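Novice: First the structure, which I've put down as structure tokens, then a few questions once you've had a look.
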Amino acid sequence: MSGMHGTETTAGPVEGHVPPEATSATGEPGANSAGMAAVGRVAREVMPVTGVIADPTQLRTYECDGLAHYRVTPALVVLPETTEQLAAVVRACSEHGVPFVARGSGTGLSGGSLPRADGVLIVTSRMRTIREIRRADQRAVVDPGVINLDVTRAATPEGYYYAPDPSSQQICSIGGNLAENSGGAHCLKYGFTSNHVLGTELVTPQGDIVTLGGLAPDAPGYDLLGTVVGSEGTLGIATTATVRLVRLPEEVRTLLAGFASTDEAGAATSAIISAGVLPAAIEMMDALAIEAAEAAVHCNYPAGAGAVLVIELDGPSAEVEHEYAQVERICQDHGAFELRLAIDAAERALIWKGRKSAFAAVGRISPDYIVQDGVIPRTALPEVLRAIAELSSSSGVRVANVFHAGDGNLHPLVLFDDAKPGAGDAAEKVSGAILDLCISHGGAITGEHGVGVDKAAYMPKMFTDDDLDTMQLVRCAFDPGNISNPGKIFPTPRLCGEVPGKRKHAHPLVEAGLADAF
Amino acid sequence: MTTAARTRLDAARTALGSACGEVTDGTPADAVDGVPVGLVARPASTPEVAEVLRAAAVYGLVVVPRGHGTKMSWGRPPEQADLVLDLSRMSAVLDHAAGDLIVDTQAGAPLAEVQRTVAGAGQRLALDEPVAGSTIGGMLATNTSGPGRMAVGTARDLLIGVTVVRADGVVAKAGGRVVKNVAGYDLGKLVIGSYGTLAVVTQAVFRLHPVPVARRVVNVSADSPDDAQRLVQQVVHAQLVPAAVEVDWPGTGGGTVGVLLEGTEAGVEGRTAATIALLGGDAAAADGLPSGWGRLPWDEDPTTGRATALKATFALSGLSRVLEAGRAAAAAAAVPLRLRGSGGAGVLHGSLPADTDVAAVREVVTRLREACAVAGGALVVLDGPPEVKAGVDTWGPVPALDLMRRVKEQFDPERRLAPGRFVGGI
Ligand SMILES: Cc1cc2nc3c(=O)[nH]c(=O)nc-3n(C[C@H](O)[C@H](O)[C@H](O)COP(=O)(O)OP(=O)(O)OC[C@H]3O[C@@H](n4cnc5c(N)ncnc54)[C@H](O)[C@@H]3O)c2cc1C
């Protein structure tokens, strides 16, 4: 399960709650040691000494991402500074059959950058140059390790920003965003990473450097970029990203609405969208999430609320004003007992602080918790939230809900105390049942955190074997050796092998004289 | 046709007939860009498409998928076309979930029909229909776009789920019915713009948008390419949030920049006034769309026969360079070249008359291609008369072609789906 645990465990090669099926994803320590040694030699040749880490204690700092209960110590860590260095290491991996895993800032919540015990972890944190802010083109070209928020910071003086805003935007990298197709609160109106990354320089799993997309739209040929975005590092490593910059809006209005229950808040959400209003964001928090946020950041949300909505409208002033009037009325019609419009930047920041700190804040009310990420059709919100509440009361496991209500992306936080025997298992069960609810309502098992190692086992619940097999055709095209972040996304790898009946020119029947070309 | 080929087709016909019921001989009207067609199969469902493709695999038939056949000559002619897989019977709009703003449709449904269905709830699929009569599948396969791409993007930004049938008859889907979903690879993006060479799309789910209450267009003349670029830059950097920024550049003289504003009555009124004030000159508002708005320039070519259809892409700052190069190249080759498109998104379409000499086409293509490349883009010849296709590098240089070939090899190792139509002979 997607999770963040308050308790720190001590490091080891493979520790924590790693389920047995995950070991195939993580590799055996010491496997292919000759190959590893060869890759290490190449790395030391092409990189400064500080860029190659083999010391066991130092290696352990990289043993997990944001999903800290999966831990694997990598055999080697490299921190390239240039695309060429990175490509040289990947090429060596390819030659020696050594798996590699890309890592940006390590904030992923599905174990996507969980290292391989028999592989190299390639960290992009020394590739942090913002290469170009091209105002006239409304584009920026950045290195993969550049922090999401830094793109916005660099573009703001020009009147622009980078729209996808994961709550982790102060620390997560653009490369990680690209790999996860990350979302954020404002993706309701502006779209996800895939709508904003228009080009990339990719180091393929063979170590070749190829360009996909770029400054101009609609590059001829297959949209490989579209497939690489969201592929969780399994199709190669992005070494640059060309991203769209969006004009800063003329006006922003942030509204906090208090409701008696999530039912009413959910209905208000649907009504807003049905009315043809497209807010920049509609976020919901339930009573337990509000309690946690209050305890952590004193955001002063309406007292006694069973749910709050944070609704942000942005755009040209006249449009915002009109939409605001509509939204206010709809909230009132759906039983909002308090409406608070942020009157200045400080108030807006306070409203958002409650929401953006919610994951971490839950640590105040529970020693351990699992962050779940699932999607349902927006109209199913009230029903699914009720079902989650029933799950919670019947199991005795508390669930706090914080989520992107506008696009039906739930983030139930399943609370437990790992010190109590069986509590972890009970929480995992509830967390899994929530995913089943998403699937049975026609939704998805992840809206933004990715599949990683965490949800690979759930993929067959959402997709048939044929679906997964077809997706893996892409994998075989890019990475026939299965060395680029192997073991992630797919529960069972496809053997790529030789392509049957492969031919380049005429049809075999034509060649055999059995047919002509009409 | 040789006897062997005839015999093979006859044998296949029986199998195809039991797969889908409707199988007919290809007629001259079915020819794909001049390539004669043996048989036409019209399956009515995804399982039938799968059956047809399995039968085609058994008999080694080369298959070219077709919607309403409005863009069959786009791309390069296929090497062969034993079987046209016609999806026009799969025309049902399956489900419009208005509350969730999504629509689920069969690939043979006309885009116009999808629009009619969702319009009932005040919604639209925010994709233009530059080629009238297009089906969903054909639109996806050729990745057509119009003025609206400026605000909401293209098919890749709106397609949230897809069902495809592979060359071997395996049915696969990716994505789903929710707007936010990162589970698995996004195969939808891969099939968009793939010209039927990877798999046959049979069903698609799209995200919808509300129809805006008000819309107005502000038109302003531009004297020169630099002027056009200055005007477009002014608009995109202002607080106008235009739904479209179109540039129309006829063969001679200056051109026009058109700015579409959509939203609420009050908002559009305010922004219209602001746009006029910002652009100055002869900027004026119109209620209706100007003539030719969103139409592909070759559809207005007065000569008879097939015009050469160009698509130029570039970074926004390259607009004046591309307009200038187009004008200079056309003058040097002594042909009229009209360019028109989304100046605000970096896409222009161009048209050269049907009777243009191949050498002149080549000259224009080469010079425009250079300008597009400098501006980070590309120039593609989408369509043209047979002599042009034979004498001009229509797709131009394609980065990452090797990877694309590998993808094709995985999906269609026997090269039986529209071989030769796509980049690099794919
Ligand atoms: C408090 C908190 C809040 C969060 N909120 C959100 C949110 O609102 N929305 C959201 O979508 N996510 C959120 N996340 C999850 C996470 O921040 C995102 O998935 C983020 O994009 C990961 O970026 P990263 O640089 O940390 O990547 P990592 O965790 O280092 O890696 C993530 C994946 O990307 C791959 N990868 C990294 N760099 C590259 C590259 N250059 N090329 C190819 N593959 C690469 C890795 O192999 C791995 O599979 C949150 C996480 C935390 C801890």
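Protein sequence lines correspond, in order, to chains C and B.
Be aware that the first sequence starts at 14, since it is given in my numbering, and climbs by one per residue.
Be aware that the second sequence starts at 90, since it is given in my numbering, and climbs by one per residue.
We put the beta carbon where it would ideally sit given N, CA and C, even for glycine.
If you're wondering where the values come from, they're calculated on a predicted model, not measured in any experiment.
1) Under 7 Å from any heavy atom of ligand 1, does the C-beta of N498(C) make it?
2) Is R451(B) close to ligand 1? I mean its beta-carbon at under 7 Å from any heavy atom of the ligand.
3) Going by beta carbon distance, what residues of the same chain come within less than 6 Å of C509(C), once the five residues before and after it are set aside?
4) Going by DSSP, which residues form a beta bridge with K160(B)?
5) For P496(B), I'd like the list of residues in its chain whose CB is within less than 8 Å of its CB, leaving aside the five on either flank, ordered along the chain.
6) Which of the three DSSP states, helix, strand or coil, is assigned to S431(B)?
7) Does any residue of chain C bring its CB to less than 8 Å from the CB of D99(B)?
8) Do the CB positions of P219(B) and W382(B) come within less than 8 Å of each other?
9) Restricting to Cα atoms, I'd like to know which of V223(C), G197(C), R116(C), S370(C) is closest to D491(B).
10) For A115(C) and P61(C), what's the separation of their Cα atoms in angstroms?
11) Between L238(C) and ligand 1, is the CB less than 7 Å from at least one heavy atom?
12) Quick one: complete alpha helix (DSSP H) runs, 4+ long, within the region 410-497 of chain B?
13) Counting only Cβ pairs nearer than 7 Å, list the residues of chain C close to D189(B).
14) Establish whether the CB of V251(B) and some CB of chain C are separated by less than 8 Å.
15) Alpha carbon to alpha carbon, how far is I250(C) from T96(C)? Give it in angstroms, no decimals.
16) Going by C-alpha to C-alpha distance, which of V259(B), G264(B), R255(B) sits closest to L247(B)?
17) Touching or not, the region 205-222 of chain C and the region 283-297 of chain C, by the rule of three or more beta carbon pairs under 8 Å?
18) Which residues does DSSP list as the beta-bridge partners of M297(C)?
19) Report the rounded CA-to-CA distance for V151(B) versus R451(B), giving the unit in angstroms.
20) Once DSSP output is grouped into helix, strand and coil, what is the label at T169(C)?
21) So, helix, strand or coil for Q151(C), using DSSP?
22) Using a Cβ-Cβ cut-off of 7 Å (strictly less than) and excluding sequence neighbours within five positions of R360(B), which residues of its own chain qualify?
23) Is there a C-beta anywhere in chain B that falls below 8 Å from the one on S408(C)?
24) Considering only C-alpha positions, which residue in the set T233(B), E354(B), Y148(B), V268(B) is nearest to G430(B)?
25) Within 7 Å: the Cβ of H462(C) and any heavy atom of ligand 1?
26) Helix, strand or coil for G513(B), going by three-state DSSP, please let me know.
27) Taking Cβ to Cβ, would you say D430(C) is nearer than 8 Å to D386(C)?
28) How would you label G370(B), buried or exposed, when you count the other beta carbons within 10 angstroms and need 16 or more for buried?
29) Report the residue from V102(C), E351(C), I184(C), A254(C) whose alpha carbon sits nearest the alpha carbon of A56(C).
30) Please name the residue, chosen from E145(C), Y314(C), P329(C), S181(C), that lies closest to F352(C) on a Cα-to-Cα basis.
31) Assuming V469(B) and P233(C) form a contact by the criterion Cβ under 8 Å, report the distance between their Cβ atoms to the nearest whole angstrom.
32) Would the beta-carbon of S186(C) be found less than 7 Å away from any heavy atom of ligand 1?
33) Which stretch, first to last residue, makes up the alpha helix (DSSP H) that contains I135(C)?
34) If we ignore side chains and look at the alpha-carbon of each, how far apart do G246(C) and G220(C) end up?
35) Mind listing which residues of the region 242-275 of chain B have their C-beta closer than 9 Å to chain C's C-betas, in chain order?
36) Just the Cα atoms here: how many angstroms apart are D444(B) and V454(B)?
Specialist: With the structure as the only source:
1) Numbered from its first residue, the first sequence carries residue 498(C) at position 485. Yes, the beta carbon of N498(C) sits closer than 7 Å to at least one heavy atom of ligand 1.
2) Position 362 of the second sequence, counted from the first residue, corresponds to residue 451(B). Not a single heavy atom of ligand 1 lies less than 7 Å from the C-beta of R451(B).
3) Here residue 509(C) corresponds to residue number 496 of the first sequence, with the count starting at 1. For C509(C), same chain residues with a beta-carbon under 6 Å away, outside a window of 5 residues either side, are C489, P493 in chain order.
4) Locating residue 160(B) in the second sequence gives position 71, where the first residue counts as 1. BP columns for K160(B) are empty, so no partner.
5) Walking along the second sequence from the start, residue 496(B) turns up at place 407. According to the sequence displayed, residue 496(B) carries Val and not Pro. L279, L287.
6) As a first step, residue 431(B) is located in the second sequence; it is residue number 342 there, counting from the start. In the three-state reduction of the DSSP assignment, S431(B) falls in the strand class, which pools E and B.
7) As a position in the second sequence, residue 99(B) is number 10, starting the count at 1. Not an interface residue.
8) As a working note, residue 219(B) is residue 130 in the second sequence. As a working note, residue 382(B) is residue 293 in the second sequence. Cβ atoms of P219(B) and W382(B): not closer than 8 Å.
9) As a first step, residue 491(B) is located in the second sequence; it is residue number 402 there, counting from the start. It is V223(C) whose Cα lies nearest to the Cα of D491(B).
10) Here residue 115(C) refers to the residue found at position 102 when the first sequence is read from its first residue. Here residue 61(C) refers to the residue found at position 48 when the first sequence is read from its first residue. Approximately 19 Å, taken between the alpha carbons.
11) Taking the first residue of the first sequence as position 1, residue 238(C) is located at position 225. Incorrect: L238(C) has no Cβ contact closer than 7 Å to ligand 1.
12) 447-463, 475-480, all fully within the region 410-497 of chain B.
13) Here residue 189(B) corresponds to residue number 100 of the second sequence, with the count starting at 1. Listed by position along chain C, the residues whose Cβ is nearer than 7 Å to that of D189(B) are P390, R391, T392.
14) Within the second sequence, the letter at position 162 stands for residue 251(B). V251(B) has a beta carbon lying at 8 Å or more from every beta carbon in chain C.
15) To locate residue 96(C), count along the first sequence from 1; it is residue 83. To locate residue 250(C), count along the first sequence from 1; it is residue 237. Here the C-alpha atom of T96(C) lies approximately 10 Å from the C-alpha atom of I250(C).
16) Along the second sequence, one-based indexing puts residue 247(B) at 158. The option with the nearest alpha carbon to L247(B) is G264(B).
17) No, they do not touch.
18) Along the first sequence, read from residue 1 onward, the residue named residue 297(C) stands at position 284. Note: M297(C) sits in a beta bridge opposite L322(C), F416(C).
19) On the second sequence, position 62 is the one that residue 151(B) refers to. On the second sequence, position 362 is the one that residue 451(B) refers to. Straight-line spacing of the CA atoms in V151(B) and R451(B) works out to 31 Å.
20) Residue numbering aside, residue 169(C) sits at position 156 when the first sequence is read from its first letter. Reduced to three states, the DSSP call for T169(C) is helix.
21) In the first sequence, residue 151(C) corresponds to position 138, counting from 1. In this structure, Q151(C) counts as coil in the three-state DSSP scheme.
22) In the second sequence, counting from the first residue as 1, residue 360(B) sits at position 271. Counting only Cβ-Cβ distances below 7 Å, and skipping sequence neighbours, we find L329, L350.
23) Locating residue 408(C) in the first sequence gives position 395, counting from the first residue. For S408(C), the answer is no, since every Cβ of chain B falls outside 8 Å of its Cβ.
24) Walking along the second sequence from the start, residue 430(B) turns up at place 341. With respect to the C-alpha of G430(B), the residue from T233(B), E354(B), Y148(B), V268(B) having the closest C-alpha is T233(B).
25) Along the first sequence, read from residue 1 onward, the residue named residue 462(C) stands at position 449. Checking the Cβ of H462(C) against ligand 1 gives yes.
26) The count along the second sequence starts at 1 and reaches residue 513(B) at position 424. Collapsing the DSSP output to three states places G513(B) in a helix.
27) Here residue 430(C) refers to the residue found at position 417 when the first sequence is read from its first residue. Here residue 386(C) refers to the residue found at position 373 when the first sequence is read from its first residue. The beta carbons of D430(C) and D386(C) sit no closer together than 8 Å.
28) As a first step, residue 370(B) is located in the second sequence; it is residue number 281 there, counting from the start. Exposed, since its Cβ has fewer than 16 Cβ neighbours within 10 Å.
29) Within the first sequence, residue 56(C) is the residue found at index 43, counting from 1. Closest option to A56(C), Cα to Cα, is V102(C).
30) The residue labelled residue 352(C) in the question sits at position 339 within the first sequence. Checking the sequence, you will find Leu at residue 352(C) rather than Phe. It is Y314(C) whose Cα lies nearest to the Cα of L352(C).
31) Indexing the second sequence from 1 puts residue 469(B) at position 380. Indexing the first sequence from 1 puts residue 233(C) at position 220. With a Cβ gap of about 5 Å, V469(B) and P233(C) count as contacting.
32) One-based indexing of the first sequence puts residue 186(C) at position 173. Yes, the Cβ of S186(C) comes within 7 Å of a heavy atom of ligand 1.
33) Here residue 135(C) refers to the residue found at position 122 when the first sequence is read from its first residue. Here I135(C) belongs to no alpha helix (DSSP H); instead the beta strand (DSSP E) covers 133-136.
34) Here the question's residue 246(C) lines up with position 233 in the first sequence. Here the question's residue 220(C) lines up with position 207 in the first sequence. Taking the CA atoms as reference points, G246(C) sits about 14 Å from G220(C).
35) Residues of the region 242-275 of chain B that bring their beta carbon within less than 9 Å of a beta carbon in chain C comprise G242, T243, R245, D246, V253, R255, V259, V260, A261, K262, A263, G264, G265, R266, V267, V268, K269, N270, V271, A272, G273, Y274, D275, in sequence order.
36) Translated into the one-based positions of the second sequence, residue 444(B) becomes position 355. Translated into the one-based positions of the second sequence, residue 454(B) becomes position 365. Taking the straight line from one Cα to the other gives about 16 Å.
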